[in-house]
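Novice:
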Amino acid sequence: MVRNITERLSEIDGEIASAKGTFMAFCKKKAGDRKDILTEAKARGVNTRALKVEIKAGKLEAKAASLRDDLDPDDQHDAEAIRKAIGEFADTPLGGAAVSKADKKAAEQAADKAALAGLN
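Just so we're aligned, residue -16 is where the sequence shown starts under this note's numbering, counting upward by one.
What follows is the structure, encoded as C-alpha coordinates:
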(Lines of atoms letter the chains of each structure in order from A and count residues from 1; the text may use other names and numbers.)
(Lines give C-alpha, C1' and ligand atoms only; values in the text may rest on other atoms or scores of the structure.)
Protein backbone atom coordinates (compact mmCIF):
# COMPACT_ATOMS: atom_id res chain seq x y z
CA MET A 1 0.00 0.00 0.00
CA VAL A 2 2.71 2.53 0.99
CA ARG A 3 4.74 1.55 -2.06
CA ASN A 4 1.73 2.19 -4.31
CA ILE A 5 1.15 5.60 -2.75
CA THR A 6 4.84 6.48 -3.07
CA GLU A 7 4.88 5.46 -6.74
CA ARG A 8 1.74 7.47 -7.49
CA LEU A 9 3.15 10.54 -5.76
CA SER A 10 6.45 10.14 -7.64
CA GLU A 11 4.53 9.90 -10.92
CA ILE A 12 2.64 13.10 -10.15
CA ASP A 13 5.89 14.85 -9.18
CA GLY A 14 7.36 13.78 -12.52
CA GLU A 15 4.34 15.14 -14.39
CA ILE A 16 4.62 18.43 -12.52
CA ALA A 17 8.33 18.71 -13.34
CA SER A 18 7.61 17.96 -16.99
CA ALA A 19 4.85 20.57 -17.12
CA LYS A 20 7.14 23.14 -15.49
CA GLY A 21 9.85 22.39 -18.05
CA THR A 22 7.39 22.76 -20.92
CA PHE A 23 6.11 26.04 -19.52
CA MET A 24 9.61 27.40 -18.97
CA ALA A 25 10.52 26.56 -22.58
CA PHE A 26 7.38 28.39 -23.73
CA CYS A 27 8.29 31.43 -21.60
CA LYS A 28 11.85 31.43 -22.93
CA LYS A 29 10.54 31.42 -26.51
CA LYS A 30 8.10 34.25 -25.80
CA ALA A 31 10.84 36.29 -24.11
CA GLY A 32 12.94 35.83 -27.25
CA ASP A 33 10.00 36.91 -29.42
CA ARG A 34 9.57 39.99 -27.23
CA LYS A 35 13.27 40.82 -27.55
CA ASP A 36 13.06 40.44 -31.34
CA ILE A 37 10.11 42.86 -31.49
CA LEU A 38 11.96 45.41 -29.35
CA THR A 39 15.05 45.05 -31.57
CA GLU A 40 12.86 45.65 -34.64
CA ALA A 41 11.26 48.69 -32.99
CA LYS A 42 14.68 50.11 -32.13
CA ALA A 43 15.86 49.55 -35.71
CA ARG A 44 12.84 51.55 -36.89
CA GLY A 45 13.81 54.45 -34.66
CA VAL A 46 11.44 53.83 -31.75
CA ASN A 47 12.74 54.83 -28.34
CA THR A 48 12.37 51.42 -26.71
CA ARG A 49 12.97 52.72 -23.19
CA ALA A 50 10.01 55.09 -23.55
CA LEU A 51 7.98 52.33 -25.21
CA LYS A 52 8.58 49.97 -22.27
CA VAL A 53 7.59 52.69 -19.80
CA GLU A 54 4.34 53.39 -21.66
CA ILE A 55 3.50 49.68 -21.86
CA LYS A 56 4.11 49.30 -18.12
CA ALA A 57 2.10 52.45 -17.36
CA GLY A 58 -0.81 51.08 -19.36
CA LYS A 59 -0.73 47.85 -17.36
CA LEU A 60 -0.63 49.78 -14.09
CA GLU A 61 -3.53 52.00 -15.18
CA ALA A 62 -5.56 48.91 -16.08
CA LYS A 63 -4.78 47.39 -12.67
CA ALA A 64 -5.83 50.60 -10.88
CA ALA A 65 -9.08 50.69 -12.87
CA SER A 66 -9.74 47.08 -11.94
CA LEU A 67 -9.19 47.88 -8.25
CA ARG A 68 -11.67 50.76 -8.50
CA ASP A 69 -14.19 48.53 -10.28
CA ASP A 70 -13.97 46.01 -7.42
CA LEU A 71 -15.10 48.61 -4.88
CA ASP A 72 -18.70 48.80 -3.74
CA PRO A 73 -20.59 51.88 -5.05
CA ASP A 74 -20.04 53.98 -1.89
CA ASP A 75 -16.31 53.29 -1.92
CA GLN A 76 -16.17 53.96 -5.67
CA HIS A 77 -17.79 57.34 -5.00
CA ASP A 78 -15.23 58.11 -2.28
CA ALA A 79 -12.34 57.00 -4.49
CA GLU A 80 -13.59 59.27 -7.29
CA ALA A 81 -13.89 62.18 -4.84
CA ILE A 82 -10.31 61.57 -3.74
CA ARG A 83 -9.18 61.49 -7.37
CA LYS A 84 -10.93 64.81 -8.07
CA ALA A 85 -9.48 66.37 -4.91
CA ILE A 86 -6.00 65.34 -5.94
CA GLY A 87 -6.58 66.60 -9.49
CA GLU A 88 -3.70 66.54 -11.93
CA PHE A 89 -1.39 65.37 -9.16
CA ALA A 90 -2.96 61.95 -9.71
CA ASP A 91 -1.34 61.87 -13.15
CA THR A 92 2.17 62.12 -11.71
CA PRO A 93 3.98 58.98 -10.53
CA LEU A 94 3.80 60.07 -6.89
CA GLY A 95 0.16 61.08 -7.18
CA GLY A 96 -0.67 57.85 -8.96
CA ALA A 97 0.93 55.91 -6.13
CA ALA A 98 -1.12 57.86 -3.59
CA VAL A 99 -4.34 57.23 -5.50
CA SER A 100 -3.47 53.56 -5.93
CA LYS A 101 -2.80 53.24 -2.20
CA ALA A 102 -6.11 54.94 -1.40
CA ASP A 103 -7.93 52.66 -3.84
CA LYS A 104 -6.28 49.61 -2.30
CA LYS A 105 -7.17 50.74 1.21
CA ALA A 106 -10.78 51.32 0.17
CA ALA A 107 -10.88 47.86 -1.42
CA GLU A 108 -9.50 46.31 1.78
CA GLN A 109 -12.08 48.16 3.86
CA ALA A 110 -14.83 46.95 1.54
CA ALA A 111 -13.56 43.38 1.89
CA ASP A 112 -13.47 43.75 5.68
CA LYS A 113 -17.06 45.07 5.66
CA ALA A 114 -18.18 42.15 3.53
CA ALA A 115 -16.42 39.66 5.79
CA LEU A 116 -17.98 41.18 8.88
CA ALA A 117 -21.40 41.19 7.23
CA GLY A 118 -20.94 37.51 6.48
CA LEU A 119 -20.31 36.80 10.16
CA ASN A 120 -23.60 38.36 11.22
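Backbone N, C-alpha and C define an ideal beta-carbon position, used for all residues, glycine too.
Only a predicted model underlies this, so the values are computations on that prediction, with no experimental measurement involved.
For Ala100, does the count of other Cβ atoms within 10 angstroms reach 16, so buried, or fall short, so exposed?
Specialist: With fewer than 16 other Cβ atoms within 10 Å, it is exposed.
Novice: Which residue spans inside the segment 50 to 96 form an unbroken alpha helix (DSSP H) run of at least 4?
Specialist: List check, alpha helix (DSSP H) in window: 56 to 69.
Novice: Here's a check: name, in chain order, each residue in its chain whose Cβ is nearer than 7 Å to the Cβ of Ala24, leaving out the five neighbours to either side.
Specialist: For Ala24, where only same-chain residues beyond five positions count, the Cβ hits under 7 Å are Thr31 and Leu34.
Novice: Mapping DSSP to helix, strand and coil, what is Val36?
Specialist: It is helical.
Novice: Can you give the beta carbon distance from Ile69 to Ala81, rounded, assuming they're within the 8 Å contact cut?
Specialist: Their Cβ separation, rounded to whole angstroms, is 7 Å, which keeps Ile69 and Ala81 in contact under 8 Å.
Novice: For a test of the three-state rule: what should DSSP assign to Gly28, helix, strand or coil?
Specialist: Looking at Gly28 - three-state DSSP - the assignment turns out to be coil, as it is neither helix nor strand.
Novice: Taking the C-alpha atoms as reference points, what is the distance between Gly28 and Gln59?
Specialist: Straight-line Cα distance between these residues: approximately 42 Å.
Novice: Inspect the beta-carbon positions of Asp53 and Ala89 and report whether they are closer than 7 Å.
Specialist: Taking 7 Å as the Cβ cut-off, Asp53 and Ala89 do not qualify as a contacting pair.
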